[in-house]
Amino acid sequence: MENPPVVPAARTALITGASRGIGRSLALGLAEHGVAVGLLARDQDRLDEVAAECRERGVAAVGVTADVVDRAAVERAVRTVADALGGIDLLVNNAGVIEPGDADFVAADVEETWRVVEVNVRGPILVTHATLRTMLEAGGGRIVNLNSGAGYKAMTSYTGYTVSKGALARLTTQLDAQYRVRGVFVFDLAPGHVKTDMTTPMPMHAGRTDWTDPEEVAAMVTAIGDGRLDELAGRYFRAGTDTVESLLEQKAAILDANARVLTLAPIDADDPVA
15 MENPPVVPAA RTALITGASR GIGRSLALGL AEHGVAVGLL ARDQDRLDEV
65 AAECRERGVA AVGVTADVVD RAAVERAVRT VADALGGIDL LVNNAGVIEP
115 GDADFVAADV EETWRVVEVN VRGPILVTHA TLRTMLEAGG GRIVNLNSGA
165 GYKAMTSYTG YTVSKGALAR LTTQLDAQYR VRGVFVFDLA PGHVKTDMTT
215 PMPMHAGRTD WTDPEEVAAM VTAIGDGRLD ELAGRYFRAG TDTVESLLEQ
265 KAAILDANAR VLTLAPIDAD DPVA
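If you number the sequence shown the way the numbering used here does, the last residue is 288 and the count never jumps.
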């Protein structure tokens, strides 16, 4: 692969699902770092509240409503943010949903399973497709897909969620392969177990006390926006376990082993699938 261009640190960002939970924490963390933020969600009142909190930190902030599975609404929202902020240097695909229960595939409502896949895959595809044009015209940018360990391992429940996060991981590797040479760096970031309205009702988290601090997630996204992890683009990180420092210390080993990517492990060097 050709060497990509050097891309400056992000000064503007678009965050989906930004009205509450992890999205709100990311917006405030980036604002504290001096990054102007565009906030996308479906609740304008909550967006206005978060935007006001960001402005209190001395940056420009704009909140726009859109359902991430609605292409026309997404394209309008992205244009509004890009015009208001003068471009989008960093995109954080944070909006996502999970099944309401932990039933297996047959026991679950298949329409609900599909809804989860649609929001978690079509949403990032639409937002990224609209935003990439702006980034490429500007000479590059960075994209963070909020993923999960569930995308990399089999589970006995949450079929739609695991399928969607596996597809999102493949989107990360695809975009990295296609656009890194043009200065767009794409990352998979699992936030760990952050205590939110979505995670606390899940049976798998019943009694959990070791929650991930959302500030750790914001720190990783901020470092990605600054370009500190560009050489490790296309890979999976986990906030609360990985730190920027630990990833940089292990950079040579990660690159040598081509670790932290969604791939098929061959039997040996002669395996035809390799």
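C-beta atoms are modelled at their ideal positions from N, C-alpha and C, and glycine is treated no differently.
Close Cβ partners of residue i (< 6 Å) along its chain, the five nearest in sequence each way excluded
{"i": "SER162", "result": "LYS179, ALA204"}
{"i": "MET169", "result": "THR176"}
{"i": "TYR193", "result": "none"}
{"i": "GLY37", "result": "ILE29, GLY31, ASN108"}
8 Å contact criterion, which residue i and residue j should meet: CB distance rounded
{"i": "GLU113", "j": "TYR172", "result": "6 Å"}
{"i": "GLY174", "j": "VAL130", "result": "3 Å"}
{"i": "ALA109", "j": "THR236", "result": "Contact doesn't hold; Cβ gap of about 19 Å is too wide."}
{"i": "VAL231", "j": "LEU243", "result": "With 8 Å as the limit, VAL231 and LEU243 do not qualify as a contact, their Cβ atoms being about 14 Å apart."}
{"i": "PRO18", "j": "VAL195", "result": "5 Å"}
{"i": "ARG25", "j": "ALA50", "result": "7 Å"}
Reduced DSSP category for residue i - H, G, I as helix; E, B as strand; rest coil
{"i": "ALA109", "result": "coil"}
{"i": "VAL20", "result": "coil"}
{"i": "ARG156", "result": "strand"}
{"i": "ARG252", "result": "strand"}
{"i": "VAL198", "result": "strand"}
{"i": "LEU203", "result": "strand"}
{"i": "LEU104", "result": "strand"}
{"i": "ASP190", "result": "helix"}
{"i": "ALA283", "result": "coil"}
{"i": "PRO170", "result": "Looking at the sequence itself, residue 170 is Thr, so the reference to Pro does not match. Coil."}
{"i": "THR142", "result": "helix"}
{"i": "ASP97", "result": "helix"}
{"i": "ASP227", "result": "coil"}
{"i": "ASP116", "result": "coil"}
{"i": "GLY72", "result": "coil"}
{"i": "ASP270", "result": "helix"}
Residues near residue i in its chain [Cβ-Cβ closer than 7 Å; skip 5 each side]
{"i": "ASP65", "result": "Per the sequence shown, residue 65 should be read as Ala rather than Asp. Cβ within range, chain order: LEU53, ALA75, VAL76, GLY77."}
{"i": "VAL177", "result": "VAL131"}
{"i": "ILE238", "result": "ARG156, VAL158, PHE201"}
{"i": "VAL88", "result": "ALA80, VAL82, LEU140, VAL141, ALA144"}
Host alpha helix (DSSP H) of residue i (start-end)
{"i": "LEU28", "result": "Where LEU28 is concerned, there is no enclosing alpha helix (DSSP H), although the beta strand (DSSP E) it sits in stretches over 26-30."}
{"i": "GLY241", "result": "Counting along the chain, GLY241 falls outside any alpha helix (DSSP H), and DSSP gives it neither H nor E."}
{"i": "VAL64", "result": "58-69"}
{"i": "ILE36", "result": "35-46"}
{"i": "SER260", "result": "258-263"}
CB contact below 7 Å: residue i versus chain B
{"i": "VAL130", "result": "Checking the listed chains, one finds no chain B in this structure; it contains a single protein chain."}
Residue i Cβ short of 6 Å to the ligand GDP heavy atom set
{"i": "ASN108", "result": "By its list of ligands, the structure shown contains no ligand whatsoever, and the ligand GDP lies outside what it can speak to."}
Chain-order list of residues whose beta-carbon lies under 8 Å from that of residue i (same chain, five-residue window excluded)
{"i": "ARG56", "result": "SER33, THR79, ALA80, ASP81"}
{"i": "ALA98", "result": "GLY52, ALA74, VAL76"}
{"i": "GLU229", "result": "SER39, GLY43"}
{"i": "PRO280", "result": "VAL287, ALA288"}
{"i": "THR142", "result": "LEU105, ASN107, ILE157, LEU185, LEU189"}
{"i": "ILE268", "result": "LEU246, ARG249, LEU261, ARG274"}
{"i": "ASP118", "result": "THR170, SER171, THR173"}
Short Cβ contact (7 Å threshold) for residue i with residue j
{"i": "VAL92", "j": "MET149", "result": "no"}
{"i": "ARG85", "j": "LEU140", "result": "yes"}
{"i": "VAL120", "j": "LEU28", "result": "no"}
{"i": "ASP103", "j": "GLY155", "result": "yes"}
{"i": "ARG274", "j": "ARG252", "result": "no"}
{"i": "VAL111", "j": "VAL135", "result": "no"}
{"i": "LEU276", "j": "THR187", "result": "yes"}
{"i": "GLY254", "j": "GLY206", "result": "yes"}
Enclosing beta strand (DSSP E) for residue i [first to last residue]
{"i": "GLY77", "result": "75-79"}
{"i": "VAL133", "result": "Element bounds for VAL133: n/a, residue is neither H nor E."}
{"i": "VAL51", "result": "50-55"}
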